[in-house]
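Q: The structure under discussion is supplied below as structure tokens; questions concerning it will follow.
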Amino acid sequence: GTILRMSTAYHPQTDGQTEIVNKALQQYLRCFVHDQPKKWGAFLHWAEWHYNTSQHSSTGFTPFEVVYGKKPPSLPNYVSGTTTIEALDATLTDRETILQVLRKKLLKAQEDMKKFADKHRIPHPFKEGDFVYVKLRPYRQTSVAGH
1 GTILRMSTAY
11 HPQTDGQTEI
21 VNKALQQYLR
31 CFVHDQPKKW
41 GAFLHWAEWH
51 YNTSQHSSTG
61 FTPFEVVYGK
71 KPPSLPNYVS
81 GTTTIEALDA
91 TLTDRETILQ
101 VLRKKLLKAQ
111 EDMKKFADKH
121 RIPHPFKEGD
131 FVYVKLRPYR
141 QTSVAGH
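Next up, the structure:
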């Protein structure tokens, strides 16, 4: 069976999935508010939208697809000045600007993570289909049971 455990505001460690979502949202928000950290609340809905419409490696689908069984709707690009309502024009123009900034910052963050991960990797000179020697060592399990 399952046991329901309530998490508290500053201790979300109760639920592993919640921790993963919170970590991803923190990363997205860092990209958004790098220059203006006090404005993170204004960007939260965009971070959530991006998380829910991005493909996740564990399922191969977006969370939107998992819940609704179809691809998420795409946001149409907005060209400034195509509406006569000033407030709507300002909101949609801001949305486009934010999405462009987010795309750039997320790509940079991915490049930085790749550069960091590749720092300790050594490229192998062989290609798929090449014959290689494999040195096998007997596997010896050490156990702490009984100590």
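Going by UniProt numbering, the first residue of the sequence shown is number 1, and it counts up by one from there. Heads up, the beta-carbon is just placed ideally off N, CA and C, and yes, glycines get one too. Fair warning: this is a prediction, and the values are worked out from it, not measured in the lab.
1. Output the distance between the C-alpha atoms of Tyr51 and Lys71, rounded to the nearest integer angstrom.
2. Please tell me whether Trp40 and Leu102 are closer than 9 Å, where the distance is taken between their beta carbons.
3. Can you have a look at Phe43 and say buried or exposed, based on whether 16 or more other CB atoms are within 10 angstroms of its CB?
4. Hey, could you find the ends of the alpha helix (DSSP H) Val132 is sitting in?
5. According to DSSP, simplified to helix, strand and coil, what is Ile98?
6. Using a threshold of 9 Å, state whether the C-beta atoms of Cys31 and Ala109 are closer than that.
A: Well, looking at it:
1. Going by the C-alpha atoms only, they are around 14 Å apart.
2. No, these two residues do not count as a Cβ contact at 9 Å.
3. Phe43 is buried by the Cβ-count criterion.
4. Counting along the chain, Val132 falls outside any alpha helix (DSSP H), and DSSP gives it neither H nor E.
5. Residue state for Ile98 is assigned as helix, using DSSP reduced to three classes.
6. The Cβ atoms of Cys31 and Ala109 sit closer than 9 Å to each other.
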